[in-house]
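Just below is one structure, and these are the notes that go with it.
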Amino acid sequence: MSTFGLATVHSQTSPLYYDYSHNHLEWFTIESEHFLIHFQDGNSRSAKVTARIAEEIYAPITELYQLEPDQKVSIVLKDRDDYSNGAAYFFDNKIDIWLPALDTPLRGTHNWLRNVITHEFTHIIQIQKA
């Protein structure tokens, strides 16, 4: 248990549900108040940072749109492909993030992970509000 109240548990959900293209990898899940962060073995640091950022941006976005999701939002961290990106799937409350190397200089001095989490979570809320 960390200071953010996160517990690491082995994911009980089939990797196929999340369209994981690397089923041979071991997957884990950490849970925060509003999010489930699914990640591959070796990415626990990125998962904890993702959970912290997601909780920090949750209230400003949900208050702005006056909408909270009915259930926790899943964020799937993928780290075995050669690109960085994000995608939001409002119909099943899921965000996919293809992680860059932590030392990759993306978007100048901006925090890429914070930007992509904020951007994709905003899509989830905006579309559910519509």
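Counting in the working numbering, the sequence shown runs from 209 upward without gaps. Glycine included, each C-beta is placed from N, C-alpha and C at the ideal position. Every value quoted in this text rests on a predicted model; they were computed, and no experiment measured them.
Taking the straight line between their C-alpha atoms, what separation do you get for residue i and residue j?
i, j, result
"Ser-292", "Ile-305", "7 angstroms"
"Asn-323", "Ile-265", "10 angstroms"
"Leu-307", "Lys-337", "28 angstroms"
"Asp-289", "Leu-321", "16 angstroms"
"Ile-303", "Arg-260", "15 angstroms"
"Asp-300", "Ile-283", "11 angstroms"
"Tyr-273", "Glu-328", "14 angstroms"
"Glu-234", "Gly-294", "21 angstroms"
"Arg-253", "Ala-296", "22 angstroms"
"Thr-330", "His-232", "32 angstroms"
How is the beta strand (DSSP E) around residue i delimited, first residue to last?
i, result
"Ala-262", "Taken as a continuous stretch (DSSP letters only), Ala-262 belongs to no beta strand (DSSP E), being part of the alpha helix (DSSP H) at 252-273."
From the DSSP output, which residues share a beta bridge with residue i?
i, result
"Ser-282", "Leu-244 and Lys-302"
"Ala-296", "Ile-303"
Between residue i and residue j, which are expected to be in contact by the criterion C-beta below 8 angstroms, what is the C-beta distance as a whole number of angstroms?
i, j, result
"Leu-285", "Phe-247", "4 angstroms"
"Ala-262", "Ile-325", "6 angstroms"
"Val-281", "Ile-332", "6 angstroms"
"Asp-287", "Asn-251", "5 angstroms"
"Phe-298", "Ile-335", "4 angstroms"
Please list the terminal residues of the continuous alpha helix (DSSP H) segment that includes residue i.
i, result
"His-232", "Where His-232 is concerned, there is no enclosing alpha helix (DSSP H), given that its DSSP letter is neither H nor E."
"Glu-328", "320-337"
request  = Evaluate the contact criterion for the region 275-289 versus the region 241-249: three or more CB pairs, one atom per stretch, below 8 angstroms.
outcome  = A contact exists between the region 275-289 and the region 241-249.
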